[in-house]
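Numbering-wise, the sequence shown is residues 0 to 423 according to numbering that gives the first Met the number 0. Working notes for the structure below.
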Amino acid sequence: MALPNCPAVSRRTISSPQTGTQKPEEIQLISSPGREELVTSPDDQHITYAGAGVDVEAGDVAVALMKDAVKATHGEHVLGGFGGFAGMWDASVLTSYSRPVLTTSTDGVGTKVAIAQALDIHDTIGQDLVGMVVDDIVVVGAKPLFMTDYIATGKVIPERIADIVRGIATGCSLAETALIGGETAEHPGLLAENEYDVAGAVTGVVESDHILGPEKVTSSDAIIAMASSGIHSNGYSLVRRIVSAQGWDYHQHLPEFGRTLGEELLEPTRIYASVCAGLVDHLNGEAHRAGKPAPLHGFSHVTGGGLAASLARVLPAGLMAIVDRGTWSIPPVFSVLTEAGGVPQADAERTLNLGVGMVAVVEADHVEKALAYLRDHEVPSWQIGTVDTLDQQLIDNTVAEDVVQGAKGVDGGTVVLQGTYAVA
């Protein structure tokens, strides 16, 4: 992990009334409203890095605290140990591939960090970060190889930074990938002392002719849902607005959850990378070895845009997925929040995962085999729908809110939501 970076601050210069020139010694570091200001003047002769708000020693302590957790994610392919300028990973394993294709994803966890900061609980947000990136590359059938992280904060508090990174390491272990590098940047004046944000990037690999996606999906395929562990990392701006409007306290116990509101909202993201990779091997491995068509055609990671928009991205144009809401009941965390906030169902469906975190698209005659594998690996799963040829008449006769055609600039397929959610 790299040490804290140079501070990022807004700044301005003040012109001298005598000459109109800018005097370097009169430069002021101006913070945002509510942030502590650091102002220099000609009388200040000794300006230090610590005086500017950057504590390098605190960064050293944070690195020492996180070191063991990070090293625990390293396997035989990680080279160079801990703390170097660059993370290194032995790519000779790729020689076992006929045509290896590298995959990558970069993401953050959005405003979920605000709840972690409000509760002063920081050891789960890292797992959320891992889930956001590794489960994006799993969608194409890739196995994650290694990950890096970035943390920006107003003040490096060693224990807090170490908690975040330990959470990332936990997530990497669950995803069977290595955390080989990262950066902790201290930004006094830009971020308040207790504020931080996190981001991560992952690199994975997949055999070229084993890539999953829209090109493999066919009509008559079945759609399998894998349960989410909670809200995961999307929709927290809506969630926080509801909590604020209701005057709720994160520490209050809610009987619907059996724990505090804050504990429910910080539930770590379920990471699907390992079980999805296993499912690919379980369903497609034998077919690949025999040179036959593979029955698992694609995955959809349910994130921004909700289930329908995420699923539409892995469907080819000309096909549609029909999803039956009646195959599952919405978990309490979603029903409590949406009912309290009066959130329209269509808005909730386009913002929250509503209990489904990952979707697999498989040939219909392999559904039971897939479900059995997922059950054996303790991932609640069920069939939620089917893929069919686009039926324009059906779409025309369906209310607009229940139809999603393409998403995020992708000229993909169509998803039609039908029925009502089951009652728990």
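Ideal Cβ positions, reconstructed from N, Cα and C, are used throughout, including at glycine. Just so you know, these numbers come straight off a predicted model, no measurement behind them.
Residue closest to residue i, alpha-carbon to alpha-carbon, out of the options
{"i": "G198", "options": "T169, G325, V112, V137", "result": "One point to set straight first is that residue 198 is Ala, not Gly, in the sequence displayed. When only C-alpha atoms are compared, the closest one is V112."}
{"i": "W381", "options": "Q391, A68, V360", "result": "V360"}
{"i": "I230", "options": "H296, V335, E285, K291", "result": "V335"}
{"i": "V301", "options": "D401, K368, V313, H186", "result": "V313"}
{"i": "A320", "options": "V358, G354, T72, G246", "result": "V358"}
{"i": "V129", "options": "G80, T72, H76", "result": "T72"}
{"i": "V398", "options": "V414, T385, D410", "result": "V414"}
{"i": "A174", "options": "V274, H287, A423, G86", "result": "V274"}
{"i": "V386", "options": "E400, Y195, T217, A51", "result": "T217"}
{"i": "L144", "options": "T259, A200, G80, G107", "result": "A200"}
{"i": "R239", "options": "P267, G83, G340, G58", "result": "G340"}
{"i": "P315", "options": "G405, Y149, A151", "result": "G405"}
{"i": "I222", "options": "T110, S299, E400", "result": "S299"}
{"i": "I114", "options": "D196, T102, L101", "result": "D196"}
{"i": "G180", "options": "S232, V77, S104", "result": "V77"}
{"i": "D81", "options": "L178, G125, E285", "result": "Before going further, note that residue 81 is Phe rather than Asp in the sequence given. Residue L178 is the option with its Cα nearest to F81."}
{"i": "V403", "options": "I383, E367, R349, P379", "result": "R349"}
{"i": "K215", "options": "I241, M146, G140", "result": "G140"}
{"i": "D375", "options": "V332, M65, G277, G384", "result": "G277"}
{"i": "V327", "options": "G212, I383, P213", "result": "Per the sequence shown, residue 327 should be read as Trp rather than Val. The option with the nearest alpha carbon to W327 is I383."}
{"i": "D346", "options": "G290, T259, A363, G234", "result": "G234"}
{"i": "V108", "options": "H365, T259, V132", "result": "V132"}
{"i": "A286", "options": "H365, T105, A51", "result": "H365"}
{"i": "T202", "options": "K142, Q126, G317", "result": "K142"}
Coarse secondary structure for residue i, derived from DSSP in three states
{"i": "S227", "result": "coil"}
{"i": "H73", "result": "coil"}
{"i": "Q44", "result": "coil"}
{"i": "E182", "result": "strand"}
{"i": "S309", "result": "helix"}
{"i": "K215", "result": "coil"}
{"i": "Q251", "result": "coil"}
{"i": "T337", "result": "helix"}
{"i": "V366", "result": "helix"}
{"i": "A117", "result": "helix"}
{"i": "H287", "result": "helix"}
{"i": "E36", "result": "Legend: pLDDT at E36 = 47, less than 50; position of this residue unreliable, no value from coordinates given."}
{"i": "G257", "result": "coil"}
{"i": "L78", "result": "strand"}
{"i": "D390", "result": "coil"}
{"i": "H281", "result": "helix"}
{"i": "G58", "result": "helix"}
{"i": "P99", "result": "strand"}
{"i": "P23", "result": "Interpretation of P23 is limited by its pLDDT of 39, a score under 50 that renders its predicted location unreliable; no figure is taken from the coordinates."}
{"i": "E372", "result": "For the sequence presented, residue 372 should be read as Tyr rather than Glu. Y372: helix per DSSP, three-state reduction."}
{"i": "A68", "result": "helix"}
{"i": "T302", "result": "coil"}
{"i": "A90", "result": "helix"}
{"i": "T105", "result": "strand"}
{"i": "V112", "result": "helix"}
{"i": "S30", "result": "For S30, the predicted structure reports a pLDDT of 41, less than 50, and the residue's modelled location is therefore unreliable. A value from the coordinates is still provided. Correct three-state label for S30: coil."}
{"i": "T326", "result": "helix"}
{"i": "V403", "result": "strand"}
{"i": "V378", "result": "coil"}
{"i": "A421", "result": "strand"}
{"i": "D395", "result": "helix"}
{"i": "A63", "result": "helix"}
{"i": "V332", "result": "helix"}
{"i": "V139", "result": "helix"}
Enclosing beta strand (DSSP E) for residue i [first to last residue]
{"i": "S207", "result": "Neither: S207 is in no beta strand (DSSP E) and is coded neither H nor E."}
{"i": "V355", "result": "355-361"}
{"i": "I270", "result": "No beta strand (DSSP E) holds I270; DSSP gives it neither H nor E."}
{"i": "I321", "result": "318-323"}
{"i": "V409", "result": "409-417"}
Residue i - containing alpha helix (DSSP H), residue span
{"i": "T169", "result": "157-174"}
{"i": "F145", "result": "Here F145 belongs to no alpha helix (DSSP H); instead the beta strand (DSSP E) covers 142-152."}
{"i": "G130", "result": "124-136"}
{"i": "I241", "result": "235-245"}
{"i": "D346", "result": "344-348"}
Below 8 Å, how does it come out for the segment 94-103 and the segment 205-218: are there three or more Cβ pairs, yes or no?
yes
Do the segment 150-159 and the segment 128-139 meet, that is, are 3 or more Cβ pairs less than 8 Å apart?
no
Pairing CB atoms from the segment 82-95 with CB atoms from the segment 183-195, are three or more of them under 8 Å?
no
Is it a yes or a no for the segment 176-189 touching the segment 115-123, going by three-plus beta-carbon pairs under 8 Å?
no
Should the segment 303-313 be called in touch with the segment 370-378, which here means at least 3 C-beta pairs below 8 Å?
no
Is there contact between the segment 64-71 and the segment 158-177, where contact requires at least three CB pairs shorter than 8 Å?
yes
Is it true that the segment 214-231 meets the segment 337-357, where meeting means three or more beta-carbon pairs spaced less than 8 Å apart?
yes
Are the segment 242-251 and the segment 382-391 in contact at 8 Å, needing three or more beta carbon pairs?
no
Assess contact between the segment 258-277 and the segment 411-421, defined as three or more Cβ pairs (one per stretch) separated by less than 8 Å. Is contact present?
no
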